[in-house]
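Protein chains in written order, with the numbering used here: chain A, 6 to 119; chain B, 240 to 1134.
Read the structure below first, then the notes.
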């Protein structure tokens, strides 16, 4: 299976979910996790993460502060805010509905529609 | 949520460099950790995208556009300069007009105006009349309302003769309490306010504060403080100069303020002193500033309570009156009567038309220039510039031009407006404090608004039209090939037609006023103007009562008769041709005694006539023959001469007794009051009618009564100099003689007849309007000429190849010349046609303000179009000549 690009909206949801599960992370950490979880099925131009992060920060879904990473580098850590949690819940639900709907169409057989 | 987002955005805007640095560091650090295989993406592009998230892209783009516009404009200085000058003219005249309106109508009269209220004694009767307050009442109110008003001041206004040693001028004046300037939080700019001692009734301490504009008129002399001036003949010391533009509660405001204790300097019309200080003399207007935090709703009932207390304490004077608050009267705009107001409105509209012409002109220039930039626009749009972005860029360029033009216009017009207002001061019949028309934030805002409106008018059209075309077509084409199509030329021509039509409107309006001024100057007033001099005096302004005033009048008459070179002297309450005049309803005596009030005028037997008090020799001075009867006698120059007599003019005689001889008959004044009412007056002489005012060509009925039988303080001595003597040379002699007769006598004017007429407000208004309209017309003409030149040059340059081919195959250059001129002529003719219709309409409107001019004035309606046609042909001729000079070889090779 070919590697896929990730659409921006989806990427935002992925980022929010990762931050919810793993707590505060820096940009590189988030990128690593995405790679890890997707099992290299998802190829992200890792830089694409930053416009998404900044947009989330503008919206108030994440907040950031400077800190020191595990290998002693200065890094900016992003964490989920209360607003971000709400946004994540809403988007997860929306996503679940969309996939469920798509699923029904995709799995539809001729006899079901008769 | 939304607010939080905006705060974050603002945070970014203020510290963007830091934020962007941090983002770069973060990305760099990420890359460093990543190692080789996975891709990061284009850092620069990612940073751009990130910046979008911060939400200030439009600002960046605006800055980009402005920078680009600046570069573009700098590369074509000729175009830029033309555009800026055009806009500076168009916007400048509008700013000038706006500053005037701002100074007169918009600018608050004083700071914190919301807390300032007038206090009146109001009748509790249903009619609810307001009454002024007496000084003792005012003091009681002031002491009883200290919890309501932070300051409560009283004032009395009227006219005084103010003399800086160069002759007295009638001046609007106000006597005020010591705290008056505090109410408006406007202490004098220099010197001091009045003291409590100076305020006391009968104090008679003669100090004065003059207005800022009067101070400027007298050279803005720092030594003005302590200087002595004469007010109504008494010596006062200047102790202060009011703040610039300070006018109290009205515009225009007083030219001079006196302390209330010097109130008795004011005199009444008949020369008696005013009494002041008793509770029975309600003469004061009261105005106060509320205590901080005091609401008007709370203050009014509290004030009414104080009013009730006063009513009980002094029932004889205060019964039936309570106290009420209201906003002070505000602005008094002395607009000359109906037709003058219309002229005023038109004058205010004219600048807008000039700006419109300027914008049409510029739209044309931009369109022509834009076609030259087609290729550039095409390249930019093919590189991904969206249409809205291109339009925005072009609008930014336009706005940059407009703002620069506006700034230049602002500087020039501020200077010109200040000069104009300052020059008005000495011309006004009454000295007042002139409004401050200088810069304030409203004028700045106005400038930006004018620039914005102008930008939308002149650059929105071209921007939309230039970006419409498909890019590919323009890319393929050579720059300069073919040029704007038929449609493009059509728009250009329409713009030129508009400019010409509007210019013609302005030019012909100016022409009408110029014609009017010329006719006024040349008009036959019905009497001899040459060799005449006038001396206007007003003894009441020096505090003279009737007896002393009469003495002064007669002494002047006697003395002036003996001056060598003076042929004949008389005196009159109203020189002819001054439109303001006292009038009387005249009827035959013993007839229509009981004419019901409001009777139908056509059936009424009374005739409205200008009423004048005159001396002996009045007709002789004016060069009028005595038609019948006799002149007044010396005995009739002093009171108590027996039978009442009058001289009437033939216009009045004809109306009272058509076809019959009026001499020796009796008349009466139906509307006179006091001892004059309905007394029989014998007509002892008849003289020819004179005109009443320059604005009214019809001779108007006049009735003249002798000096001894009616007293008016303000009189005009009228002299005629002997043949061969120049009246200008006599002016200084006469001034000296008048001063020698009575040094204290306020002399309001010494002038030749002709100058005196030219100083009348009617003539002034005409001359000002003529000047302004002509200037606007001239500017519009210039702009229209430039517009025609621009379009024709453009058309010719675009058709170079065509002309080249035609010359190559044998066309005569003259034929080409004619063709270009004919095209230009057609546009101009259409413009003139439309302009003539507009001009006719405007003529109808203006007619009321014009003297002896019809709305259809052939001279103007022929001359103005001819001027336009000539300048338009000249403007086409230069490019047309260029067309004939085209070298076919060069033209063809340029392909």
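For every residue, glycine included, the Cβ atom is placed at its ideal position computed from N, Cα and C.
- Listed from N- to C-terminal order along the chain, which residues in the region 56 to 85 of chain A have their beta-carbon within a distance smaller than 9 Å of any beta-carbon of chain B? Residues passing the 9 Å Cβ filter: 56, 57, 58, 59, 60, 61, 62, 63, 64, 65, 71, 74, 76, 78, 79, 80, 81.
- the region 667 to 687 of chain B / the region 731 to 746 of chain B touching (three or more Cβ pairs under 8 Å): Counting C-beta pairs closer than 8 Å gives fewer than three between the region 667 to 687 of chain B and the region 731 to 746 of chain B, which falls short of the contact rule.
- Just to confirm, are residue 660(B) and residue 673(B) a CB contact at a threshold of 8 Å? By 1-based counting over the second chain, the position of residue 660(B) is 421. By 1-based counting over the second chain, the position of residue 673(B) is 434. In this structure, residue 660(B) lies near residue 673(B), with their beta-carbon atoms less than 8 Å apart.
- Query: Got a sec: is the Cβ-Cβ distance from residue 32(A) to anything in chain E below 8 Å?
  - Reply: Going by chain labels, chain E is absent from the structure shown, which instead holds the protein chains A and B.
- On the premise that residue 355(B) lies in contact with residue 239(B), defined as a C-beta separation below 8 Å, what is that separation, rounded to the nearest angstrom? Here chain B covers residues 240 to 1134 and nothing more, so residue 239(B) does not appear.
- Query: Of the residues that make up the region 241 to 253 of chain B, which ones have a beta carbon closer than 9 Å to any beta carbon in chain A?
  - Reply: Of all residues in the region 241 to 253 of chain B, 243, 244, 247, 248, 251 have a Cβ within less than 9 Å of some Cβ in chain A.
- Task: Compare the C-beta of residue 272(B) with all C-beta atoms of chain A and state if any pair is closer than 8 Å.
- Result: Numbered from its first residue, the second chain carries residue 272(B) at position 33. It does: the Cβ of residue 272(B) has a partner Cβ on chain A nearer than 8 Å.
- Unbroken stretches of the alpha helix (DSSP H), 4 residues or longer, contained in the region 997 to 1039 of chain B: Secondary structure in the region 997 to 1039 of chain B: the alpha helix (DSSP H) runs of 4 residues or longer, each lying completely within the stretch, are 1000 to 1037 in chain order.
- Message: Please report the distance separating the alpha-carbon of residue 603(B) from that of residue 597(B).
- Response: Taking the second chain and counting its residues from 1, one reaches residue 603(B) at position 364. Taking the second chain and counting its residues from 1, one reaches residue 597(B) at position 358. Cα to Cα, residue 603(B) sits roughly 10 Å from residue 597(B).
- Message: Under DSSP, the alpha helix (DSSP H) around residue 377(B) begins and ends at which residues?
- Response: Taking the second chain and counting its residues from 1, the one referred to as residue 377(B) is at position 138. Its alpha helix (DSSP H) spans residues 374 to 383.
- Task: Give a yes or no on whether 8 Å exceeds the smallest Cβ distance from residue 359(B) to chain A.
- Result: Within the second chain, numbered from 1, the residue matching residue 359(B) stands at position 120. Judged by the 8 Å Cβ criterion, residue 359(B) is not in contact with chain A.
- Task: Just grab the DSSP bridge partners of residue 887(B) for me.
- Result: Taking the second chain and counting its residues from 1, one reaches residue 887(B) at position 648. Residue 887(B) has 925(B), 942(B) as its beta-bridge partners, per DSSP.
- Item | 8 Å Cβ cutoff met for residue 423(B) and residue 410(B) | Here residue 423(B) corresponds to residue number 184 of the second chain, with the count starting at 1. Here residue 410(B) corresponds to residue number 171 of the second chain, with the count starting at 1. No, the Cβ-Cβ distance between residue 423(B) and residue 410(B) is not below 8 Å.
- Query: Which whole-angstrom value describes the C-beta separation of residue 334(B) and residue 652(B), a residue pair presumed to lie in contact below a C-beta threshold of 8 Å?
  - Reply: What you label residue 334(B) is simply residue 95 of the second chain in a count that begins at 1. What you label residue 652(B) is simply residue 413 of the second chain in a count that begins at 1. The beta-carbon distance between residue 334(B) and residue 652(B), rounded to whole angstroms, is 4 Å. This is short enough to meet the 8 Å contact definition.
- Message: Given this structure, state the Cα-to-Cα distance separating residue 1102(B) from residue 338(B), to the nearest angstrom.
- Response: Indexing the second chain from 1 puts residue 1102(B) at position 863. Indexing the second chain from 1 puts residue 338(B) at position 99. Each residue's Cα considered, the two are about 33 Å apart.
- Message: Within the continuous beta strand (DSSP E) that includes residue 408(B), where are the two ends?
- Response: Taking the first residue of the second chain as 1, we reach residue 408(B) at position 169. Annotation for residue 408(B): the continuous beta strand (DSSP E) segment containing it runs 407 to 415.
- Counting pairs of beta carbons, one from the region 689 to 705 of chain B and one from the region 622 to 642 of chain B, are three or more of them closer than 8 Å? Two segments are said to touch when three or more pairs of C-beta atoms, one from each, lie closer than 8 Å; by this definition the region 689 to 705 of chain B touches the region 622 to 642 of chain B.
- Query: So is residue 60(A) buried or exposed if we call it buried at 16+ other beta carbons inside 10 Å?
  - Reply: Within the first chain, numbered from 1, the residue matching residue 60(A) stands at position 55. Here residue 60(A) is buried. Its C-beta has 16 or more other C-beta atoms within 10 Å.
- Given 8 Å, three or more beta-carbon pairs between the region 363 to 375 of chain B and the region 519 to 538 of chain B: At 8 Å Cβ cutoff, the stretches touch.
- Message: Quick check on residue 626(B): does DSSP put it in helix, strand or coil?
- Response: Counted from its first residue, the second chain places residue 626(B) at position 387. If DSSP states are grouped into helix, strand and coil, residue 626(B) belongs with the helices.
- Task: Assuming residue 322(B) and residue 644(B) form a contact by the criterion Cβ under 8 Å, report the distance between their Cβ atoms to the nearest whole angstrom.
- Result: Position 83 of the second chain holds residue 322(B). Position 405 of the second chain holds residue 644(B). 7 Å between Cβ atoms; contact.
- Residue range of the beta strand (DSSP E) that residue 496(B) falls in? Here the question's residue 496(B) lines up with position 257 in the second chain. Going by DSSP, residue 496(B) is part of the beta strand (DSSP E) stretching over 495 to 498.
- Message: Contact criterion: CB-CB distance below 8 Å. Does residue 265(B) meet it with respect to chain A?
- Response: Here the question's residue 265(B) lines up with position 26 in the second chain. True, the Cβ-Cβ gap to chain A drops below 8 Å.
- Less than 8 Å separating the beta-carbons of residue 564(B) and residue 591(B)? Here the question's residue 564(B) lines up with position 325 in the second chain. Here the question's residue 591(B) lines up with position 352 in the second chain. In this structure, the beta-carbon distance from residue 564(B) to residue 591(B) does not fall below 8 Å.
- Message: Could you pull the DSSP bridge partners for residue 850(B) from this structure?
- Response: Working through the second chain from its first residue, we reach residue 850(B) at position 611. According to DSSP, which records beta bridges pairwise, residue 850(B) is partnered with 942(B).
- Go through its chain and collect everything with a Cβ distance to residue 648(B)'s Cβ below 6 Å, but skip five positions before and after it. Mapped onto the second chain, residue 648(B) falls at position 409. Excluding its 5 nearest sequence neighbours in each direction, residue 648(B) has C-beta neighbours in its own chain below 6 Å: 327, 330, 331, 334, listed in chain order.
- Item | Start-to-end residues for the alpha helix (DSSP H) that takes in residue 1121(B) | Numbered from its first residue, the second chain carries residue 1121(B) at position 882. Its alpha helix (DSSP H) spans residues 1097 to 1123.
- Message: Does any residue of chain A have a CB that is nearer than 8 Å to the CB of residue 268(B)?
- Response: The sequence position of residue 268(B) within the second chain is 29, counting from 1. Chain A, which has a Cβ nearer than 8 Å to the Cβ of residue 268(B), makes this yes.
- Note down, one range per segment and in chain order, each beta strand (DSSP E) of at least 3 residues found wholly within the region 414 to 479 of chain B. As far as the region 414 to 479 of chain B is concerned, its whole beta strand (DSSP E) runs of at least 3 residues are 446 to 449, 467 to 470.
- Among 340(B), 876(B), 970(B), 607(B), nearest to residue 677(B) - alpha-carbon criterion: Here the question's residue 677(B) lines up with position 438 in the second chain. Residue 340(B) is the option with its Cα nearest to residue 677(B).
- Determine, using beta carbons only, whether residue 419(B) and residue 480(B) come nearer to each other than 8 Å. On the second chain, position 180 is the one that residue 419(B) refers to. On the second chain, position 241 is the one that residue 480(B) refers to. For residue 419(B) and residue 480(B), no; Cβs fall outside 8 Å.
- The beta strand (DSSP E) with residue 350(B) in it runs from where to where? If you number the second chain from 1, residue 350(B) lands on position 111. Run containing residue 350(B): none; DSSP gives neither H nor E here.
- Query: Which ranges does the alpha helix (DSSP H) cover as unbroken runs of at least 4 residues, wholly within the region 34 to 86 of chain A, from first to last along the chain?
  - Reply: Those alpha helix (DSSP H) runs which fall completely within the region 34 to 86 of chain A and span 4+ residues are 54 to 64.
- Query: Can you tell which of 846(B), 548(B), 393(B) has the C-alpha that lies nearest to the C-alpha of residue 417(B)?
  - Reply: Taking the first residue of the second chain as position 1, residue 417(B) is located at position 178. Looking at the Cα atoms, 393(B) is the closest of the given residues.
- Put residue 827(B) into one of helix, strand or coil per three-state DSSP. Counted from its first residue, the second chain places residue 827(B) at position 588. Strand.
- Query: Among residues of its own chain, excluding the 5 on either side of residue 889(B), which ones have a beta-carbon nearer than 7 Å to its beta-carbon?
  - Reply: On the second chain, position 650 is the one that residue 889(B) refers to. Here the set comprises 866, 925, 927, 928.
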